[in-house]
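Data block below; observations after.
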Amino acid sequence: MDPSKTRHDENFPVGSFLIAKPLRPHVHAWYRFARAADDAADAPGLAPADKLARIDALEQGLVDGSHPDSAPLKDSGKGLDHARELLVAFRADARGESCKSWDDLLHYCRYSASPVGRYLLDIHGEDRATWPAGDALCTALQILNHLQDCGDDNRELDRRYVPENWIPAGFFEPANAKLRRPVLDRCLDGVEDLLSDAAALPAQIRDTRLRLEVRTILRLARTLTRKLRLADPIEGRVALGKRDFLKSFALSWSPICISDEEIVIGRVARAKSSFVSGMKALPSDRKRGMFALYAFCRDVDDIADGPGKPDEKKALLAGWGRDLDALYAGTAKTPLTRELRWAVDRFKLPRSEFELVLDGMRTDSANAVRMPDGVALANYCRCVAGAVGVLSVHVFGAPDPATVEFAVRLGHALQLTNILRDVDGDALEDRLYVPQDLLDQFGIDGSNALDVTKQPGFARACAKLAEEAKAAYATVDIPRATASKLKPALLMMMAYRKLLSKLLARGWVDRKPVPKTTLPEKAQIALKVALAR
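All residue numbers for the sequence shown refer to my numbering, where the first residue is -10 and numbers rise by one.
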């Protein structure tokens, strides 16, 4: 059977001229074997048992020497064990297994991708200490390939490598690009973390030619990551071009230097939040700290608001709990957690506030969210907004008790405004933050949030909560001693206060359109804050 691809069709170089000439036949033999196994696993029209039989025959051919590529693999003294590990992944493909979670995907890549890098490192005589960085690179390349092919894999093979617990209904419909983008970006964030771990690999490699090959591949991987950020692989093929290969090779003679800070800045910029513009005026170290804090909040919020079952979301949030353990122990492992570690050291950020944020996200991860009373709502606001405010004033350089109290009170008022603005959108997700004891005052009942919002008394309940929000702003005392350090917070306070006034003017009987703060209003507020002393 003719192979579905050759090494010249792959995203990344396979035994290119950069590899020493005596080793190229071994690399090419490895590729041909891997391609044959991949084609067996994906063979159209074959039952899983028949696919598995073909893979078993390939393995037997390696062992007994009957496979045409068994000799070069055995001659290298390194190929057989790695090749057999690779077959673990292809057998999973043959059985039609998909990846339910990100951890499942990483486990799959341990067998579908890592053996390739380990074989290449072994035949060059590199130390096994290079394996972790090599595994990270190979895993990143594999995930990029899965993202490129996610539509074809789903349509033609009924197989999904994008974590299924992240995929919302309609994900693969071409028209649903906005639905796909957060999931694709979440995968690409994981790829960037892996590429950050892989960046150490060139310096660990002794062989000059292999080092150049790895640098070229790293640059190509980053280029493809950027392309996948900008284009949708369901709408059309997203691929590297000849110019990308030439540029990456030309730059391979210089080391790759992409800092954790740059990776986090990229994540913050992609969020396209007005928050970013408010942070730009900060001194560089405080801006760096706020970007790390924002990226953390964005990540955990995406978990809570994204697709998936509550147990799966809570498992991901538990993972963040372990990440906090690691970063406070000084062993942070990803670009974001390393940046957070820097911020924790620089600004003495209290761990308890990060834990409160996670508690708030656990609340939002439930299938249905309800606030039994005003106390529960206040606790929720303290977690999702007050905690962020407390961490922020530490970064601003104002961790004194009066400013912390300012942050907590402001966070409460801001979150009430968010709740009042988003009541209908939240109801579509069966989230209802207007507390039940307030709803009871107006004779409102019902188990479904959307039904609750349609009851006559709901507008009056929202109006009363809005008066509570208005009163909450009145309790926010700006501390004179630190006011000059709090301009980003004051900017947000004035913008949200303006939004609340618009909500009050509109009312809650007819809740459309949702009011926004206009650009001229934002400019006026920014000027007022800038001129404040």
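All C-beta atoms in this analysis are idealised placements derived from N, C-alpha and C, irrespective of residue type, glycine included. Since the model is a prediction, treat every value here as computed from it, not as a measurement.
| field | Under 9 Å between C-beta atoms of I132 and L201 | value | No, Cβ-Cβ distance for I132 and L201 is not below 9 Å.
| message | For A458, which residues in the same chain have their Cβ closer than 7 Å to its Cβ, ignoring the five residues on either side in sequence? | response | A402, L405, T406, L409 and L489.
| request: Could you tell me whether the Cβ atoms of A396 and G375 are closer together than 9 Å? | output: Closer than 9 Å, so yes.
| message | Using CA atoms only, rank isn't needed, just tell me which of A332, N356, P272 and M268 is closest to P299. | response | Checking every option, the nearest Cα to that of P299 belongs to N356.
| field | For T392, the nearest candidate out of I223, V358, A515 and K474 (CA to CA) | value | Per the Cα distances, K474.
| message | Measuring only the C-alpha atoms, how far is L557 from C88? | response | Because residue 557 is not part of the residues shown, which for the chain are -10 to 522, the question remains open.
| Are the beta-carbon atoms belonging to V384 and V346 less than 9 Å from one another? | By the CB criterion at 9 Å, V384 and V346 fall outside the cutoff.
| query | Taking the alpha-carbon positions, what's the L35 to K10 distance? | reply | Distance from the CA atom of L35 to the CA atom of K10, rounded to whole angstroms, is 38 Å.
| query | By how many angstroms is the C-alpha of R218 removed from the C-alpha of I514? | reply | Taking the straight line from one Cα to the other gives about 33 Å.
| said: Can you tell me whether R226 is helix, strand or coil according to DSSP? | reply: The answer is coil: DSSP assigns R226 none of H, G, I, E or B.
| Y145, enclosing alpha helix (DSSP H) - first and last residue | Note on residue identity: the sequence assigns Glu, not Tyr, to residue 145. E145 -> alpha helix (DSSP H) spans C139 to L146.
| query | What are the start and end residues of the alpha helix (DSSP H) that includes N368? | reply | Taken as a continuous stretch (DSSP letters only), the alpha helix (DSSP H) holding N368 covers G363 to C370.
| task | Ignore the nearest five residues each way along the sequence and tell me which others in G140's own chain have a CB closer than 7 Å to its CB. | result | So the qualifying residues of the chain are F161, P222 and I223.
| task | Compare the C-alpha of L309 against each of F285, P424 and L454 and name the closest. | result | Residue 309 is actually Trp in this sequence, not Leu. Closest by alpha carbon: F285.
| said: Mapping the DSSP letters down to three states, classify V358 as helix, strand or coil. | reply: Three-state DSSP puts V358 in a strand.
| Residues near M482 in its chain [Cβ-Cβ closer than 8 Å; skip 5 each side] | If the five residues before and after M482 are omitted, its C-beta is found closer than 8 Å to the C-beta atoms of L399, A402, L403, Y462 and V465, all from its own chain and listed in chain order.
| said: Excluding the 5 residues flanking L110 on each side, which residues of the same chain have their C-beta closer than 6 Å to its C-beta? | reply: T119 and G123.
| message | Give me the residue from I112, A438 and P152 with the minimum Cα distance to C176. | response | By alpha-carbon distance to C176, the top candidate from I112, A438 and P152 is P152.
| query | What runs of the alpha helix (DSSP H), each 4 residues or longer, lie entirely inside the region 407 to 437? | reply | Correct list: 412 to 417 and 425 to 430.
| Residue span of the alpha helix (DSSP H) that contains E74, given as start and end | For E74, the uninterrupted alpha helix (DSSP H) segment begins and ends at G68 to A83.
| message | Check for me: the alpha helix (DSSP H) holding C88 runs from which residue to which? | response | Per DSSP, C88 belongs to no alpha helix (DSSP H) and is neither H nor E.
| query | Who are the Cβ neighbours of R287 in its own chain at under 6 Å, not counting the five residues just before and after it? | reply | For R287, where only same-chain residues beyond five positions count, the Cβ hits under 6 Å are A260.
| message | I need the boundaries of the alpha helix (DSSP H) containing S273, first residue and last residue. | response | First-last of the alpha helix (DSSP H) with S273: S273 to D294.
| query | By Cβ distance below 6 Å, which residues in the same chain neighbour R149 in space, the five residues on each side in sequence not counted? | reply | For R149, the CB contacts under 6 Å within the same chain, skipping 5 residues up- and downstream, are S87 and N143 in chain order.
| query | Buried or exposed: which applies to A455, given that a residue is buried once 16 or more other Cβ atoms fall within 10 Å of its Cβ? | reply | With 16 or more Cβ atoms within 10 Å of its Cβ, A455 is classed as buried.
| query | Going by Cα to Cα distance, which pick from P33, S273, K40 and D58 is closest to P14? | reply | Comparing Cα positions, the closest option is D58.
| Between A26 and the rest of its own chain, which residues show a CB-CB distance below 7 Å, the 5 nearest in sequence each way excluded? | Same-chain partners within the cutoff: I44, L47, L75, L76 and F79.
| So, are the CB atoms of L126 and V227 less than 9 Å apart? | No, the pair does not count as a contact, with Cβ atoms beyond the cut-off.
| query | Counting only runs that start and end within the region 427 to 487, where is the alpha helix (DSSP H) found for 4 or more residues in a row? | reply | As summarised for the region 427 to 487, the continuous alpha helix (DSSP H) elements at least 4 residues long and confined to that stretch are 438 to 442 and 447 to 463, given in chain order.
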